[in-house]
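For reference, the structure discussed in these notes is given below.
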Amino acid sequence: MVTTKSRTSAKAAKNSPDVSTRHLPAKTFVLDNGAYTMKAGYACDPSSSSEEALSNCVSIPNAIVKTRENRIFTGAQLATHVTDWNEAVFRRPVEKGYIVNWEAEREIWDQTFFEEKATARNKLLRIAHPEETTLILTEAPNNMPVLQRNTDEMVMEEWGFGGYVRCLGPTLNAWNEVNSLFGDPLTKSDSDILPKDCLLVVDSGYSHTTVTPVYKGQPLQRAIRRLDVGGKLLTNYLKEIVSMRQYNMVDETYIMNEVKEAVCFVSNDFKADMERTWKANRKREEAQSVVVDYVLPDPNAHKKGFMRPHDPLLHAKKKKGAQSGLSAEILSEDVLVLGNERFTVPELLFTPSDIGMQQAGIPDMILQSLSVLPPGLHAAFLANVLVVGGNSQIPGFMERLENDLRGIASSECVVRVRCAEDPFLSTWLGGSRFASNREEVGKLAITRQEYQEYGSGWAGRRFAGMI
Amino acid sequence: MFRVELLANSSSHATPGYTYVADRGFDPAKAAMAPALGRKRGIHNASKGGDISSRRANAIIRHLAELDRENQRDVQIPVPARPAKEAGARVSRTKTTSNVRRILVSQKTFRNHLDDEEAAIAAGGGGLSIPVGAAAIAPVIPTRVKAVVAAAAARRSSTPASTAAARKKRPSAVATTTATSTPTPAPSQTENTDAEAEEDSDERKHKLIKTEHDNDPLLRSYAPTLPSERIMDRLLAEPALSYNASRAGPPISTQLPRAFCCMCGYWGKIRCKSCHLRTCGLDCYKVHEDSRCGAFF
Numbered sequence: 001m002v003t004t005k006s007r008t009s010a011k012a013a014k015n016s017p018d019v020s021t022r023h024l025p026a027k028t029f030v031l032d033n034g035a036y037t038m039k040a041g042y043a044c045d046p047s048s049s050s051e052e053a054l055s056n057c058v059s060i061p062n063a064i065v066k067t068r069e070n071r072i073f074t075g076a077q078l079a080t081h082v083t084d085w086n087e088a089v090f091r092r093p094v095e096k097g098y099i100v101n102w103e104a105e106r107e108i109w110d111q112t113f114f115e116e117k118a119t120a121r122n123k124l125l126r127i128a129h130p131e132e133t134t135l136i137l138t139e140a141p142n143n144m145p146v147l148q149r150n151t152d153e154m155v156m157e158e159w160g161f162g163g164y165v166r167c168l169g170p171t172l173n174a175w176n177e178v179n180s181l182f183g184d185p186l187t188k189s190d191s192d193i194l195p196k197d198c199l200l201v202v203d204s205g206y207s208h209t210t211v212t213p214v215y216k217g218q219p220l221q222r223a224i225r226r227l228d229v230g231g232k233l234l235t236n237y238l239k240e241i242v243s244m245r246q247y248n249m250v251d252e253t254y255i256m257n258e259v260k261e262a263v264c265f266v267s268n269d270f271k272a273d274m275e276r277t278w279k280a281n282r283k284r285e286e287a288q289s290v291v292v293d294y295v296l297p298d299p300n301a302h303k304k305g306f307m308r309p310h311d312p313l314l315h316a317k318k319k320k321g322a323q324s325g326l327s328a329e330i331l332s333e334d335v336l337v338l339g340n341e342r343f344t345v346p347e348l349l350f351t352p353s354d355i356g357m358q359q360a361g362i363p364d365m366i367l368q369s370l371s372v373l374p375p376g377l378h379a380a381f382l383a384n385v386l387v388v389g390g391n392s393q394i395p396g397f398m399e400r401l402e403n404d405l406r407g408i409a410s411s412e413c414v415v416r417v418r419c420a421e422d423p424f425l426s427t428w429l430g431g432s433r434f435a436s437n438r439e440e441v442g443k444l445a446i447t448r449q450e451y452q453e454y455g456s457g458w459a460g461r462r463f464a465g466m467i
Numbered sequence: 001m002f003r004v005e006l007l008a009n010s011s012s013h014a015t016p017g018y019t020y021v022a023d024r025g026f027d028p029a030k031a032a033m034a035p036a037l038g039r040k041r042g043i044h045n046a047s048k049g050g051d052i053s054s055r056r057a058n059a060i061i062r063h064l065a066e067l068d069r070e071n072q073r074d075v076q077i078p079v080p081a082r083p084a085k086e087a088g089a090r091v092s093r094t095k096t097t098s099n100v101r102r103i104l105v106s107q108k109t110f111r112n113h114l115d116d117e118e119a120a121i122a123a124g125g126g127g128l129s130i131p132v133g134a135a136a137i138a139p140v141i142p143t144r145v146k147a148v149v150a151a152a153a154a155r156r157s158s159t160p161a162s163t164a165a166a167r168k169k170r171p172s173a174v175a176t177t178t179a180t181s182t183p184t185p186a187p188s189q190t191e192n193t194d195a196e197a198e199e200d201s202d203e204r205k206h207k208l209i210k211t212e213h214d215n216d217p218l219l220r221s222y223a224p225t226l227p228s229e230r231i232m233d234r235l236l237a238e239p240a241l242s243y244n245a246s247r248a249g250p251p252i253s254t255q256l257p258r259a260f261c262c263m264c265g266y267w268g269k270i271r272c273k274s275c276h277l278r279t280c281g282l283d284c285y286k287v288h289e290d291s292r293c294g295a296f297f
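Residue numbers (the UniProt record's numbering), protein chains in the order written: chain A, 1 to 467; chain B, 1 to 297.
Structural data, given as structure tokens:
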């Protein structure tokens, strides 16, 4: 239905506008609108180094939070105003990686980017004149046309940006300087910034994990695959296990997320680690390397949670109470003992069947993605696998991915898996470098005049590459 | 005695005018995903160990939906009200259009949108609904190119028929990556590229150490060549897959799914006779039986 309509109307509205006459604002704002955090800032000129560029980028939580005192905080306030995270509940406008709820998203954007007053805090983020700014906005792959249309209409009609590019987040990583990461010779001159020819981007974020083969800065749509395991599912799974085995933590999403970030690791020898943490082996030496205690935060005493080595006798000592000679501080603290939970939780990224999910793990998914591409490209993509997103920070993740992929990939191919220098901001940085290539931006962008003339349907088709 | 059991499947039948979607007790709209189970799954999957009953499958779906939640409880968090002055400033800045108003009042969740899209696809609408398999690469290659490939294959018997001989010189940057990473395929690749590419690789050949085994047919590796620019253009121009079509498929390996103790997380060696959950040993089983065994499972 959509395709036939688009074809006819593409003929009607005689397409590609004359690039030379239109006005695309030179000032470019890059917004990587993730489900958990937004990464935003102005793109800087191409001559600056990546550190300089990153100093322009700010991460803002993309959520509205209600604390247990029923106070509501938005976006950047979370970092400064919220001290007690117990029983905090979240409202996230981005669901499954796509902007769904614009009521909440408008509130967060307005507060973060469109404050009336210029203050020291929002200096880097304030968009004073949207009509003189080009916006580069990322989206997750395989978005639905309805949601894309909503996004275009909001960006162009509510805020009225002068220029606008909506593109797949993972593809922007190809614009980064990744040759040095893979140890390849630097061939290009500094003057023109071009994307890498072949790059397989694994983006493991909050909502899901996607595999996107990027060819010369453009995605190969047929090969994009998604695993519905992301940081949120891992946190919820850890929360569920801990609630069943130890304390009831079902309302403590934020705290369990911190526990996950502190203790979880990806096992490179699952069976051996499992034996080490078996309860009968707990008291032996080797178990000590895996089992840890996590002391839960105490907001009343303004104490943060932390991890420490497991003390098998602590429980017995506590029972004795004051006689044991422990300080009142230790007696009052709540401790989670984490053994196999530490590695069975991130294991879901590699073996989703552990919770009955009928999906392949990340290495398998990479091969599934490549299987629909011409075999000539396999070697080039397998040799250039770039991992971005928060889950790549779990210790052991990169080693496990490289080992597993090496094991199942064809032995004739070289497998190189690298983590981006800053896996959180890598996409934003790529967008910033992309912005400095005016010619390429001009090919993808639409201007305000064009939008007003042709409307959102046209904009959607243009971003889909049909015009 | 008849016993009606509603199987967990995600298929919906589209008839002109309306859509039939199976209604299973709990809200399937909230389920994260449905495992694809056929009607005769017991027979087909017996050898693969996929011995999950529909109850078990539904329990998994419910569990996954549970893990997908943002908050444990359903809570309504209103957007904080702004001071009137600021709100006024916003209104004065831009006039709210009807589109914006419609989007802002929409209370649709992701699941609603997804159902809409699935219904549209089932009715023959846009988006690619079927994941493309490895064999489906064929339609992408235009017939004329195919003929060229066939001719090339006939001319040079050493070329694997499945690869499209690159008519144009390969992009040099890609060539360097493959050459530096896989030095062995380079000689064989030079055989089926054009003359100018041959010159290019001749220079590279001089740098490699020559031995008498270079032409040994047993040592030759047949690396497929890069697809032509035309094929790449066709691939890049393809529309995006739909949300459901881009989900990763079931794993290729035929290993049995691992089972874990539902109490302590160790290997699940024994199965509860009434609820089929696994435990690792008698210690955990006793706790399970006493406190948690939901026998009506």
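Note that beta-carbon positions come from the ideal geometry of N, C-alpha and C, so glycine has one too.
Chain B within 8 Å of residue i, Cβ atoms only
i         : result
Asp293(A) : no
Phe90(A)  : yes
Thr253(A) : yes
Ile394(A) : no
Asp250(A) : Going by the sequence as given, residue 250(A) is Val instead of Asp. Interface residue, yes.
Lys66(A)  : yes
Ser353(A) : yes
Tyr42(A)  : no
Residue-chain proximity (residue i, chain A), Cβ-Cβ < 8 Å
i              : result
Thr109(B)      : yes
Cys264(B)      : yes
Asp116(B)      : yes
Ala248(B)      : yes
Leu277(B)      : no
residue 314(B) : Residue coverage of chain B in this structure runs from 1 to 297, which leaves residue 314(B) outside it and unanswerable.
Glu238(B)      : yes
Leu226(B)      : yes
Pro251(B)      : yes
Asp68(B)       : yes
Lys286(B)      : no
Closest by C-alpha distance to residue i, when choosing among the options
i         : options                                    : result
Arg245(A) : Ala380(A), Leu336(A), Asn56(A)             : Leu336(A)
Leu194(A) : Ala459(A), Arg462(A), Phe434(A), Lys443(A) : Phe434(A)
Asp334(A) : Ile108(A), Lys232(A), Asn248(A)            : Asn248(A)
Pro93(A)  : Leu104(B), Thr97(B), Lys95(B), Asn99(B)    : Leu104(B)
Thr133(A) : Pro25(A), Val202(A), Arg226(A), Gln111(A)  : Pro25(A)
Arg111(B) : Asp269(A), Trp458(A), Arg418(A), Lys96(A)  : Lys96(A)
Residue interval of the beta strand (DSSP E) (run including residue i)
i         : result
Ile231(B) : Per DSSP, Ile231(B) belongs to no beta strand (DSSP E); it is in the alpha helix (DSSP H), 229-236.
Thr79(B)  : In the sequence as displayed, the identity of residue 79(B) is Val instead of Thr. Unbroken run through Val79(B): none, as it is neither H nor E.
Leu135(A) : 134-139
Boundaries (first-last residue) of the alpha helix (DSSP H) holding residue i
i              : result
Gly407(A)      : 397-408
residue 496(A) : What the structure shows of chain A is the stretch from 1 to 467, and residue 496(A) is not part of that stretch, so it cannot be assessed.
Gly431(A)      : 426-435
Ile108(A)      : 102-113
Thr344(A)      : 341-344
Met307(A)      : Looking at the DSSP string, Met307(A) is not in any alpha helix (DSSP H); the run it does join, the beta strand (DSSP E), is 306-309.
Phe182(A)      : 179-182
Lys443(A)      : 438-444
Phe463(A)      : 448-463
Reduced DSSP secondary structure (H/G/I, E/B, other) of residue i
i         : result
Asp290(B) : helix
Leu36(A)  : According to the sequence as given, residue 36(A) is Tyr; it is not Leu. It is coil, neither helix nor strand.
Asp228(A) : coil
Met144(A) : coil
Ile209(B) : coil
Ser53(B)  : coil
Ser371(A) : helix
Trp278(A) : coil
Lys108(B) : coil
Val359(A) : Inspection of the sequence shows that residue 359(A) is occupied by Gln rather than by Val. Three-state DSSP puts Gln359(A) in coil, outside helix and strand.
Ile99(A)  : strand
Thr182(B) : For Thr182(B), the predicted structure reports a pLDDT of 39, less than 50, and the residue's modelled location is therefore unreliable. A value from the coordinates is still provided. In the structure shown, Thr182(B) sits in coil (DSSP, three-state: anything other than H, G, I, E or B).
4 or more residues per run - each alpha helix (DSSP H) lying fully within the segment 249-274 of chain A: 253-263
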